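Numbering-wise, my numbering comes out as the position in the sequence shown, counting from 1, plus 16. The beta-carbon is built from N, C-alpha and C at its ideal position, and this holds for glycine as well. On a predicted model such as this, the values are computed, not experimentally measured, just so you know. Since the structure comes first, as structure tokens, the remarks are kept for the end.
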Amino acid sequence: MTLLSRIRLTQLVRKELLQLLRDPRSRRLLIVAPIIQLLVFGYAVNTDVRHARTFLLDADQTAESRALASALTASGHFVVTQTSDRPAAMARALDAGDVLLGVHIPRGFAADVAAGRPTAVQLLVDGSSANTANVALGYATQILGRYGRGRGAEIAARSGVRASTGGVEMAVRVWYNPNLESRTYNVPAVMGNIVMLMALLLTSLAVVRERELGTLEQLMVSPLSPAELMIGKTVPSALVAMFDVVLVTAVSLLWFRIPFAGSFVLLGVASLLFVLTGLGVGLLISTISKTQQEAFMSMFMFFLPALMLGGLLFPVDNMPHWVQLLSYLDPIRHFLIVVRGIFLRGAGWGIVWPELLWLAALGAALLWLATKQFHKTAA
């Protein structure tokens, strides 16, 4: 690249940056919107069960049954909002959607526990929301099981016998996310989706806007080559998108207190490759679209399937095999693997290099396709 070419390119990059940052609406879109999106998604995308409304049917009415109910509510996952001694009342509450969980402690519960006899506590859960029901049922089963084992050990100690004579006792230790908080898992992934959306917004309208305003022809007759024009459109958007990466990372660490166990350098490299991939998609959309409305619709036709296949909402491993293969073409999938690995597990270069390779290959291919299409448009 000659000195004159570098000067022309520098001036084009400066012009594009000024055009992006001069408009107050653009500044709000690029600075305020990512923060609002991260805050909304960070609080909304939450699969934890907290203070779930619970119906308690205590047919025993003893200190033992009340202790069991207290163990259930002390966890913070459940709160008793309705009580009755009639099963029909609990059924009506579940039918009306007033409670998520119904707990039925049978008559004779305390006597069975004191005598060391097997006893059963019925749990009824509203399964209309399958994921929430599974999580709530898991919490309740764990709490009741822990209570039963503790009471069994106390009774056995008073009786002077061993609590159990066999079986397997599980020693569970959760790594990387000890409290199993969904926010710790989801917020880094939400970052990836916000950055992709910003990259698409920055570039998907870039060329088509010039065409609609009639300035594309002026650029084409300028001394700038098509490749220089593409670089001039890409570099300012990449700088702004990387600023958004820093912004949402800071909010994740300082506001949500998401643990960060990895390398900021590795996160920066992965983010740059991901941003270039998003810019490639946006530029390709912009070069093949005739109007801004068409470009906007095409952007969301790409973004929504990419969001589904990326692994934010649904685990990729749960998808059909052919969909899993298709998801390899989704840059969001690879970036989410990298960013979750860096944040939660402290993953290094030796672990995430396959995903970085995928991002680099996808970014190079998309930018090449966008440049080729721009050549055709300019011809």
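Going straight from the alpha carbon of residue i to that of residue j, what length do you get?
i, j, result
"G230", "L245", "16 Å"
"S91", "V264", "32 Å"
"R102", "D74", "9 Å"
"V332", "S343", "8 Å"
"A79", "D64", "30 Å"
"D260", "V211", "7 Å"
"A127", "T99", "22 Å"
"T26", "M214", "23 Å"
"L33", "T250", "10 Å"
"I121", "A173", "25 Å"
"P194", "V95", "23 Å"
"G364", "E228", "46 Å"
"G366", "S268", "25 Å"
"R133", "R165", "13 Å"
"P204", "P275", "10 Å"
"Q309", "T157", "52 Å"
"I247", "L289", "15 Å"
"L255", "L37", "12 Å"
"M207", "F125", "49 Å"
For residue i, list the residues DSSP reports as bridge partners.
i, result
"A68", "F94"
"L196", "Bridge partners of L196: none, in fact."
"G118", "F71, L140"
"T99", "L72"
How would you label residue i, buried or exposed, when you count the other beta carbons within 10 angstroms and need 16 or more for buried?
i, result
"M313", "exposed"
"G183", "With a pLDDT of only 44 at G183, under the threshold of 50, the placement of this residue in the model should not be trusted; the figure read from the coordinates follows. With fewer than 16 other Cβ atoms within 10 Å, it is exposed."
"E371", "buried"
"A386", "buried"
"D39", "exposed"
"H337", "exposed"
"T181", "Confidence is the limiting factor: at T181 the pLDDT is only 45, short of 50, which leaves the residue's position unreliable, though a coordinate-based value still follows. With fewer than 16 other Cβ atoms within 10 Å, it is exposed."
"G326", "buried"
"I348", "buried"
"G118", "buried"
"D111", "exposed"
"Y155", "buried"
"P50", "buried"
"G143", "exposed"
"L357", "According to the sequence displayed, residue 357 carries Gly and not Leu. Classification of G357: buried, given that the 10 Å Cβ count is 16 or more."
Assuming residue i contacts residue j (C-beta within less than 8 Å), just tell me the rounded distance between them.
i, j, result
"S287", "M317", "Not quite, the Cβ-Cβ distance comes to about 24 Å (not below 8 Å), so this is no contact."
"G278", "F359", "6 Å"
"R43", "P239", "Going by Cβ atoms, the distance from R43 to P239 rounds to 31 Å, so no, they are not a contact pair."
So, do the region 283 to 294 and the region 373 to 386 have three or more beta carbon pairs nearer to each other than 8 Å? yes
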